[in-house]
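Letter 225 of the sequence shown, counting from 1, is numbered 226 in this note's numbering, and no numbers are missing.
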Amino acid sequence: MKRFTRQTAAALLAGSLMALPGVLLQPTLALANSTEVLDKLDASEAEAKQQEWSTPFDKQPTDIPAAKGSEAPGQSTAGQLSFTLEAAVDKAYENSLDYKQAELDLNRSWEVRDDAKDYIDYTPTRPNATEATTFNKLLNADLNWQMSKKNLKIQKDTIEVSITTKYMDLLRAQETVAYANKAKEAADWKLRATRAGFYVGTVSQPQLVDAEATAATAQASVDSAKKQLDDAYNKFNIALGLNAGDRPVLTEKINYSPLVVESLEHEVSRVIAESPTIFKAEYNVDLASFNREAASPYNVGQIDIEKAKLAVGQLKDGTEKSVRSLYYNIKTLEEQHNGLVEALRNAQTNYQATKVRFDVGMITQADLVAAESQLAKAQKDLLDNEAQHTALAVTFQKPWGASAS
């Protein structure tokens, strides 16, 4: 086992062994930076011990929790596929090869790191070139492990954001088809009444042509809505690994709640601090620094460091813009929400009054269906708003999940 003190390890990183052959870490790394790196390594070791990290090969690296309830995930009592949002996300974890690959990468990087750690202990001794190389191996192994953890989080959050969006898109597509069918029914009833009027001479030719055009447009809208619904089902089924012809029932009801943000600046800082994408980019700076002196030609190492730092800056700038854009889009939807709720309330009142008039014979079936169509549109508009809000709110919390998808 290679043994050296913490001070010796810092000296290695600072380049005190520059005269020894085969040393990868040279004096261009400052001692202060070296101590910071060691602090990261110590924190990593403490985390590993706290979590009692292990990768038993007699079970899956990560156990995906089953959906809540007595029924199997994605299966209703009637035998038809059904999913809550949580069950859909869990099913997507099981189906994602990228997620499974990230799990295996994490387990592999831990095995490499754990093996490298076994060759090092902090006890006094004068290091040689072999010990310096051994320590550098541990640092690189630890960085790879840390990055693998972040990559797994990226994959997990990407799935959550993606499935939430697909789930909401499917709900919207279903509601759009429902409204399109009702609008088509209303157009057909109007056309029927218009033709009757035309035959008895109470309706003009232009009015009949207009009614026919409205009915044709309504039919085209139904066809378009059905295609969009098929596309939404297809994307949802692919993500969950379902059959192409499956039409699962979505049982989740949208629980609308305005986004509460006390300080947008704080949220921007939070996302930047929590972003695994930025974390990985910052560790690339560390990796470039560790291998500074190994680069050939010599100046290439410093260029790599500057490039890595520039990538971090670009990511932070892009993340800040993304968070602000998401916030204002969400707030726009919230400003529209109250108006849509009021529009639905008015449509419901109008339909109820129309139904009473129809029941007593004061109006025709065409008038009643027209009121039903207006109600269906108000319901669709409100659901559109709430579904978009739900998807954007999840993305706002984990914007890296959207950028990685």
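Note that the Cβ used here is the ideal one computed from N, Cα and C, for glycine as well. Here the structure is a predicted model, which means the values were calculated and not measured.
State the Cα-Cα distance for the pair Q398 and E335, rounded to the nearest angstrom. 17 Å
Classify R114: buried if its beta carbon has 16 or more other beta carbons within 10 angstroms, exposed otherwise. buried
Assigned secondary structure, S404 (DSSP; H/G/I helix, E/B strand, else coil): helix
What does the alpha-carbon distance come out to for the pair A392 and Y168? A straight-line Cα-Cα distance of about 9 Å links A392 and Y168.
Check whether S326 and S404 have beta carbons under 8 Å apart: no
Report the rounded CA-to-CA distance for I279 versus I273, giving the unit in angstroms. 7 Å
Which residues DSSP lists as bridging V223, in chain order: Note: V223 sits in no beta bridge, so no partner.
Report the rounded CA-to-CA distance for E387 versus V262, giving the unit in angstroms. Using only the alpha carbons, I get a separation of about 18 Å.
S374 - DSSP class collapsed to helix/strand/coil: helix
Paired residues, beta bridge with S264 - DSSP: The partner list for S264 (beta bridge, DSSP) is empty, contrary to what the question assumes.
L288 by DSSP, collapsed to three states: which one? helix
Excluding the 5 residues preceding and the 5 following A1 in the sequence, name in chain order all residues of the same chain whose CB lies nearer than 6 Å to its CB. Because the chain in this structure spans residues 2 to 406, residue 1 falls outside the shown range and cannot be described.
State the DSSP-derived secondary structure class of L107, mapped to helix, strand or coil. helix
Taking C-alpha atoms, which residue in S276, E95 and A371 lies nearest to E186? The option with the nearest alpha carbon to E186 is A371.
Looking only at its chain, what residues have a beta carbon closer than 7 Å to the beta carbon of V90, apart from the 5 residues adjacent to it on each side? So the qualifying residues of the chain are I160, E161 and I164.
Sort N152, K228, A221 and N141 by Cα distance to Q102 and report the nearest one. N152
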